[in-house]
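Working notes for the structure below.
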Amino acid sequence: MNTIPWQDRPEGNRDVMWRYSANPVIDRYAIPSSNSIFNSAVVPFEDGYAGVFRCDNRAVQMNIFAGFSKDGIHWDIAHDPIIFGAGNTDMIDSDYKYDPRVTFIEDRYWITWCNGYHGPTIGIGYTFDFKTFYQCENAFLPFNRNGVLFPEKIDGRYAMLSRPSDNGHTPFGDIYISYSPDMKYWGEHRCVMKVTPFEDSAWQCTKIGAGPVPILTDEGWLLFYHGVINTCNGFRYSVGAALLDKDRPDQVKYRTRPYMLAPAESYEMTGDVPNVVFPCAALHSHEEDKLALYYGAADTVTGMAFGRISEIIRFIKENSL
Ligand code: BMA
Numbered sequence: 003m004n005t006i007p008w009q010d011r012p013e014g015n016r017d018v019m020w021r022y023s024a025n026p027v028i029d030r031y032a033i034p035s036s037n038s039i040f041n042s043a044v045v046p047f048e049d050g051y052a053g054v055f056r057c058d059n060r061a062v063q064m065n066i067f068a069g070f071s072k073d074g075i076h077w078d079i080a081h082d083p084i085i086f087g088a089g090n091t092d093m094i095d096s097d098y099k100y101d102p103r104v105t106f107i108e109d110r111y112w113i114t115w116c117n118g119y120h121g122p123t124i125g126i127g128y129t130f131d132f133k134t135f136y137q138c139e140n141a142f143l144p145f146n147r148n149g150v151l152f153p154e155k156i157d158g159r160y161a162m163l164s165r166p167s168d169n170g171h172t173p174f175g176d177i178y179i180s181y182s183p184d185m186k187y188w189g190e191h192r193c194v195m196k197v198t199p200f201e202d203s204a205w206q207c208t209k210i211g212a213g214p215v216p217i218l219t220d221e222g223w224l225l226f227y228h229g230v231i232n233t234c235n236g237f238r239y240s241v242g243a244a245l246l247d248k249d250r251p252d253q254v255k256y257r258t259r260p261y262m263l264a265p266a267e268s269y270e271m272t273g274d275v276p277n278v279v280f281p282c283a284a285l286h287s288h289e290e291d292k293l294a295l296y297y298g299a300a301d302t303v304t305g306m307a308f309g310r311i312s313e314i315i316r317f318i319k320e321n322s323l
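In this text, residue positions in the sequence shown follow this note's numbering: the first is 3, and each later residue adds one.
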């Protein structure tokens, strides 16, 4: 039985979420080829955890790598990138892969990532064991990023959040949802959440994108997302959260006006891309009322933060836009 990685809230800390005291948990040079390891995804697996990690190499080529951990904190990451075989298609072209998310649905672990196919779009693959991997059709036309699956079918169909974008550093971006009967054909695209007016909540006024796989709670789907403000010195990425309707996840019930985590520690403010906290995964236990969030810090290393699910939900409702 795996226990959620956890550390109690430090004395005197009044934030809804707090950082792991030994952050960053994954160093930029954790595998021989890496320049940086960040924006990565983890799931419970067997008696521990497995993950898919974004490791950029020293030619700064973006790719994803499998990893395993007993405790969710200390990771053994493969030295070679994941090789995909053909899944529901032979068209598995990929110029690059980055920002993976992972979730278990029914009988297998599904992976989504930003796939290079004439520019960024959403790649989909699956594995049963984190050793053999299969790649499926891209979900969308280029350009798109932050494709995040729901962990169960909704009304009998797979559901995925995404963020249509451009081929560059995208100065805009809202979150949409799409549905598929088979993980191949996606449609019924609906807008879920847009950026906020600057005067309402400035940290999320430029672009937003889904973070970890949503978590089902009594109050609906708990969705952490990143929000971006364009400052005079470039983009600054923070973390907020929303509650989406359980049966109609295009309906936002609550959404935080204040951020829940923003770049403040040195490893978040300094790195290859300064001032970025970018969440891609969360482990949770409803029984223990615990949640562990994994996030990329400054596009260089990987950090963790913790929170109580009940307190996070209360915070979202009490501080909603
Ligand atoms: C986005 C993606 C992320 C990255 C972020 C900040 O467009 O490339 O992987 O963390 O920018 O650089």
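Here a beta-carbon is modelled for each residue, glycine too, at the ideal position from N, C-alpha and C.
Close Cβ partners of residue i (< 8 Å) along its chain, the five nearest in sequence each way excluded
i       : result
Pro-12  : Trp-20, Ser-23
Val-279 : His-228, Tyr-239, Ser-240, Val-241, Leu-263, Ala-264, Pro-265, Glu-270, Tyr-297, Gly-298, Ala-299, Gly-305
Ile-6   : Gly-74, Leu-285, His-286, Ser-287, Glu-290, Lys-292, Leu-293, Ala-294
His-191 : Tyr-178, Ile-179, Ser-180
Arg-110 : Tyr-128, Thr-129, Phe-130
Pro-121 : The amino acid at residue 121 is misidentified as Pro; the sequence shows Gly. If we look at Gly-121 and ignore the five residues flanking it on each side, its Cβ neighbours are Pro-144, Phe-145, Asn-169.
Asn-321 : Thr-258, Arg-259, Pro-260
Ile-107 : Leu-151, Pro-153, Glu-154, Lys-155, Tyr-160
Beta-carbon spacing of residue i, residue j below 8 Å
i       : j       : result
Val-194 : Cys-207 : no
Gly-69  : Phe-55  : yes
Gly-53  : Ser-42  : yes
Val-303 : Ile-66  : no
Leu-323 : Arg-250 : no
Asn-59  : Ser-35  : yes
Lys-133 : Asn-117 : no
Gly-211 : Gly-236 : no
Thr-114 : Gly-149 : yes
Ile-314 : Val-18  : yes
Cys-282 : Asp-29  : no
Lys-255 : Gly-222 : yes
Phe-317 : Trp-8   : no
Ala-32  : Ile-79  : yes
Asp-301 : Arg-259 : no
Thr-91  : Glu-139 : yes
Contact set for residue i: own chain, Cβ-Cβ below 7 Å, skip 5 residues either direction
i       : result
Gln-344 : Summary: the structure shown does not reach residue 344, with the chain confined to residues 3 through 323, and so no result is reported for it.
Ile-231 : Ala-204, Trp-205, Cys-207, Thr-208, Arg-238
Asp-168 : Phe-145
Thr-172 : Lys-209
Arg-159 : Tyr-181, Ser-182, Pro-183
Gly-189 : Ser-180, Tyr-181
Pro-26  : Tyr-269, Ala-299, Val-303, Thr-304, Gly-305
Asn-37  : Arg-30, Asp-58, Asn-59, Arg-60, Val-62
Phe-226 : Gly-213, Pro-214, Val-241, Ala-243, Pro-281, Ala-284, Leu-295
Val-275 : Ala-300, Asp-301
Cys-234 : none
Thr-272 : Ala-300
Close Cβ partners of residue i (< 6 Å) along its chain, the five nearest in sequence each way excluded
i       : result
Thr-105 : Trp-112, Leu-151, Pro-153, Val-215
Ala-284 : Pro-214, Leu-293, Leu-295
Ser-71  : Gly-50, Tyr-51, Trp-77
Phe-142 : Thr-123, Ile-124
Pro-166 : Asn-146
Gln-137 : Phe-86, Gly-89, Ile-94, Gly-127
Ser-312 : Asp-291
Phe-200 : Cys-207
Asp-332 : It is not possible to answer for residue 332, since the shown part of the chain is limited to 3 through 323.
Leu-163 : Val-150, Ile-177, Ile-179, Ala-212
Arg-310 : Asp-291
Met-64  : Asp-58, Tyr-98, Tyr-100
Phe-135 : Ile-84, Phe-86, Gly-127, Thr-129
Near ligand 3: residue i beta-carbon under 7 Å from a heavy atom
i      : result
Asn-41 : This structure lacks ligand 3; its bound ligands are ligand 1.
Short CB-CB distance (under 8 Å) between residue i and chain B
i       : result
His-191 : The structure shown has no chain B; it contains just one protein chain.
Whole runs of the beta strand (DSSP E) within the stretch 81-163, excluding any shorter than 3 residues | 86-88, 99-107, 110-118, 122-129, 135-137, 146-151
Which whole runs of the alpha helix (DSSP H) in the stretch 208-284 are 4 residues long or more, in chain order?
-> 268-271
3-residue-minimum beta strand (DSSP E) runs that sit fully inside the stretch 163-187, ordered along the chain | 177-182
Entirely enclosed beta strand (DSSP E) segments - the stretch 17-47, minimum 3 residues = 36-47
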